[in-house]
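Residue numbers (the numbering used here): 563 to 778.
Backbone N, C-alpha and C fix where the C-beta goes; we use that ideal spot for every residue, glycine too.
Since the model is a prediction, treat every value here as computed from it, not as a measurement.
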Amino acid sequence: MHQSKYTNDVLKRFHMADCNTALTPAETNLVNVQTEEEKQVEKTLYRQMIGTLRYICNTRPDIAHGVGVASRFMENPLHSHIVVVKRIMRYLRGTHGLGIRFPSKHNTSCRLELIGFSDADWCGDKSDRKSTTGYLFKLGGAPISWCSKKQDVVALSSCESEYIAASMCARQAAWMSTLMEELGLKEEGDGFLLMVDNKSAINLALNPVAHGRSKI
Numbered sequence: 563m564h565q566s567k568y569t570n571d572v573l574k575r576f577h578m579a580d581c582n583t584a585l586t587p588a589e590t591n592l593v594n595v596q597t598e599e600e601k602q603v604e605k606t607l608y609r610q611m612i613g614t615l616r617y618i619c620n621t622r623p624d625i626a627h628g629v630g631v632a633s634r635f636m637e638n639p640l641h642s643h644i645v646v647v648k649r650i651m652r653y654l655r656g657t658h659g660l661g662i663r664f665p666s667k668h669n670t671s672c673r674l675e676l677i678g679f680s681d682a683d684w685c686g687d688k689s690d691r692k693s694t695t696g697y698l699f700k701l702g703g704a705p706i707s708w709c710s711k712k713q714d715v716v717a718l719s720s721c722e723s724e725y726i727a728a729s730m731c732a733r734q735a736a737w738m739s740t741l742m743e744e745l746g747l748k749e750e751g752d753g754f755l756l757m758v759d760n761k762s763a764i765n766l767a768l769n770p771v772a773h774g775r776s777k778i
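Here it is as structure tokens:
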């Protein structure tokens, strides 16, 4: 499942069909601080570009984070922000054929098991010190749900930001498990698997002790 034609149409619409390609959808450090010295860009154009990219995110989880960060500046877009958006489009020009592949039910190597992956940066937004949650779910070997969203509270440590991300991922998993049950899809295994890459957050989830550095 892909949106190759729509992606190419979007690139033509915004005069990016012949642009140089980029190997990644975003720089390591995305622009996230507005400065008064920067030149403003047309709001309508910026919002149209973001709107089309958000639609492409339906089959492209690899651009979700970059689009999510760029979406924060639709109220007052600056030149540095539209550079971020164009970088995403340059990446799409070189990867417009990518999409999601759902394996056949006869593929015995892909079990009908719900697996979630969660991650977070810590104080990634320098303007308010809030972290960003990212998660992705796979079912039968294919991604079916993903999200990149700024957290509502300021995390006091990387452990706390990862714990908040894991909590959001677990809530989504509970809803998806209920939906699968209503659709008559029986998961293989007991419950779902949640992958977290922070040892402190895992230990806190297994033993939720309360102390000064983990008051969530």
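So, for residue i: in the same chain, excluding its five sequence neighbours on each side, which residues have a beta-carbon less than 8 Å away from its beta-carbon?
| i | result |
| --- | --- |
| LYS567 | none |
| LEU676 | PHE699, LYS700, LEU701, ALA735, MET738, SER739, MET742, GLU749, PHE754 and LEU755 |
| ASP571 | none |
| ARG649 | ALA584, PRO587, ALA588, GLU589 and GLY628 |
So is residue i buried or exposed if we call it buried at 16+ other beta carbons inside 10 Å?
| i | result |
| --- | --- |
| TRP708 | buried |
| THR606 | exposed |
| LEU615 | buried |
| ARG691 | exposed |
| ALA613 | With the sequence shown as reference, residue 613 is identified as Gly, and Ala is not the correct amino acid for it. That one is exposed. |
| SER680 | buried |
| ASN760 | buried |
| ILE618 | buried |
| PRO587 | buried |
| SER666 | exposed |
| LEU640 | buried |
| SER723 | buried |
| LEU573 | buried |
What number of angstroms, rounded off, separates the C-alpha of residue i from the C-alpha of residue j?
| i | j | result |
| --- | --- | --- |
| PHE664 | PRO705 | 8 Å |
| ARG655 | LEU766 | 42 Å |
| ALA732 | THR621 | 22 Å |
| TYR653 | GLY628 | 11 Å |
| ASN638 | ILE644 | 11 Å |
| GLY746 | TYR697 | 25 Å |
| SER719 | ILE625 | 26 Å |
| SER693 | ARG575 | 33 Å |
| THR569 | TYR725 | 35 Å |
| MET651 | ALA584 | 9 Å |
| PHE635 | GLU589 | 17 Å |
| VAL716 | CYS685 | 7 Å |
| SER642 | VAL603 | 9 Å |
| HIS658 | MET578 | 12 Å |
| GLY703 | LYS601 | 45 Å |
| PRO770 | ILE764 | 10 Å |
| GLY678 | MET757 | 6 Å |
| GLU744 | ARG673 | 19 Å |
| VAL647 | LEU660 | 19 Å |
| GLY768 | ASN591 | Correcting the residue type first, residue 768 is Leu in the shown sequence and not Gly. The straight-line gap from Cα to Cα measures roughly 32 Å. |
| PRO623 | GLU599 | 33 Å |
In its own chain, which residues sit with a C-beta less than 6 Å from the C-beta of residue i, not counting the 5 before and 5 after it?
| i | result |
| --- | --- |
| THR695 | ALA682, LYS711, GLN713, ALA727 and MET730 |
| SER633 | ILE612 |
| GLY630 | SER710 |
| GLN565 | ILE618 and THR621 |
| ASP580 | none |
| ARG609 | MET636 |
For residue i, I'd like the list of residues in its chain whose CB is within less than 7 Å of its CB, leaving aside the five on either flank, ordered along the chain.
| i | result |
| --- | --- |
| SER762 | CYS721 |
| ILE662 | MET563, THR621, ALA704 and PRO705 |
| ASN790 | Residue 790 lies beyond the range of the chain shown here (563 to 778); nothing can be said about it. |
Which residues does DSSP list as the beta-bridge partners of residue i?
| i | result |
| --- | --- |
| GLN602 | LEU640 |
| MET757 | PHE679 |
| HIS564 | GLY661 |
Tell me, please, whether the CB atom of residue i is closer than 8 Å to any CB atom in chain B?
| i | result |
| --- | --- |
| PRO770 | Here there is only one protein chain, and chain B is not present. |
- prompt: Of all the alpha helix (DSSP H) runs that stay within the bounds of the region 669-750, which reach a length of 4 or more residues?
  reply: The qualifying runs are 720-744.
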